[in-house]
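All residue numbers for the sequence shown refer to this note's numbering, where the first residue is 898 and numbers rise by one. One structure is given below, encoded as structure tokens.
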Amino acid sequence: MAGGGSRGAVVVNEAYASHPYHASDRDWPESNCYVDVWIEVLHSMGLEVAPVLGSTLVSDFEGDQWTFFKLHHSDLYQLFGIEVEELTLWRDLVSHLVGQVGRGRIPVVEVDSFYLPDTAGRDYRVAHIKTTVAVEAIDSDRQILRYFHNRSRHELEGRDFRGLLRVEPEAPPAQLMPYCEIAKLDRLVHHDARKLRSISLDLFREHWTRRPGANPVERYAATVQADLEALIASDPEDYDLYAFASIRQCGSGFAFSADYLQWLAGVDPRWADAAESYSEISKLASTLVLKMARIVHSGRMREVSDTLGQMARAWERGAASVDRLLQA
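Now the structure itself:
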């Protein structure tokens, strides 16, 4: 299969160990498809993931969702020398992927999880859901694709290859072309720990200037009862969509915030208290997502304000601690 140039060949069926951030015992083993893919891409290149997570601390409640947080492209370049550019798809998708992978790049492309066997039991051959994968290797002749998705690296072939990459006769007619980016690795760099920390802290200080002006958990809490009542009155099956856009992005984002601060605390223990505050938000959110599911599917409202209040207070403590440390 076409591989990643100077990165070297990878045995097709070799065992792959996912990043610890995707461990099953985490509050949130998955966050969102874009961040999860990038975690595994960086991990596969032997790069440390924590330094790029500082931007998660400025996640906000946007009125109808929590910030759909992503890794900032400028951070990827400053920390690792990885350039990310949009790829204009002007011919068939397979040709683009073969060409870019052959140049040593990693295409990151939106696809339909209907064709992803790693989603068996959820979307595979059941539901057409947009998601993001990163292509590590492709063999267009044998119709085999090796890709990163969610928590790990996977491989598909044959009918799934044709459906995913819009190859006739599987491709449905009149589809819009997907959004695609390429990660360019020509300037890839592995900084030593001290340099990486220095760059990351500078980036974090810049991100922190964009933190929410008011407690986002309190603003979210003010909407929750109305949201749950609307879900009960309409279609409880919509809860999964609601939870993904709201409490899951809140909880998983602040779990990464805690990871970032704990990484800083490895050198400067003063960051540990802030890390604990954001970790508390994550843990409470992971219990709340289940409690709200029971409310919606039973049709009976229950009290959730205590949990949301604890989350809001943890956010205040964490933000105040970060403020003090960045001003020290």
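Glycine is no exception: its CB is placed at the ideal position from the N, C-alpha and C atoms.
What residue from 1160, 986, 1047 has the CA that sits closest to residue 1013's CA?
1047
Spatially closest choice to residue 994 from 1033, 982, 1039, 1020, by CA coordinates
1033
Whole-angstrom C-beta distance between residue 943 and residue 1157, which should lie under 8 Å:
Incorrect: roughly 19 Å between the Cβ atoms, too far for contact.
Please report the distance separating the alpha-carbon of residue 1141 from that of residue 1000.
35 Å
Compute the Euclidean distance between the alpha carbons of residue 906 and residue 1126, then round it to the nearest angstrom.
Annotation note: pLDDT 27 at residue 906 (below 50); position unreliable, coordinate value reported separately. Approximately 53 Å between the Cα atoms of the pair.
Those residues which DSSP pairs with residue 1028 across a bridge:
1008
Quick check on the burial criterion: 16 or more other C-beta atoms within 10 angstroms. Buried or exposed for residue 992?
exposed
Applying the criterion that 16 or more other CB atoms from any shown protein chain within 10 Å of the CB defines a buried residue, is residue 1208 buried or exposed?
buried
Buried or exposed (CB count within 10 angstroms, at least 16 for buried), residue 921
exposed
Compare the C-beta of residue 933 against all C-beta atoms of chain B and say whether one is closer than 9 Å.
Checking the listed chains, one finds no chain B in this structure; it contains a single protein chain.
Can you tell me whether residue 987 is buried or exposed, with buried defined as 16 or more other CB within 10 angstroms of its CB?
exposed
How about the region 1195-1206 and the region 1107-1118: do they share at least three Cβ pairs that are nearer than 8 Å?
yes
Identify, in the order they occur along the chain, each residue of the same chain with its Cβ nearer than 8 Å to the Cβ of residue 934, setting aside the five sequence neighbours on each side.
1005, 1029, 1030, 1031, 1045, 1046, 1047
Complete runs of the alpha helix (DSSP H) confined to the region 1130-1177 [at least 4 residues]
1136-1140, 1146-1162
Would residue 948 pass as a contact of residue 1094 if the rule is Cβ separation under 9 Å?
yes
Identified DSSP bridge partners for residue 1081:
980
Under 8 Å by Cβ, that's how I've got residue 1085 and residue 978 pegged, so tell me the actual separation to the nearest angstrom.
5 Å
Measure the C-alpha to C-alpha separation of residue 1089 and residue 1187 and round it to an integer number of angstroms.
41 Å
Do the CB positions of residue 1063 and residue 990 come within less than 9 Å of each other?
yes
Just to check my reading of the structure: residue 1043 and residue 1050 have Cβ atoms closer than 8 Å, yes? What is that Cβ distance to the nearest angstrom?
7 Å
Can you tell me whether DSSP reads residue 1051 as helix, strand or coil?
strand
Expressed to the nearest angstrom, what Euclidean distance is found between the alpha-carbon atoms of residue 956 and residue 1155?
13 Å
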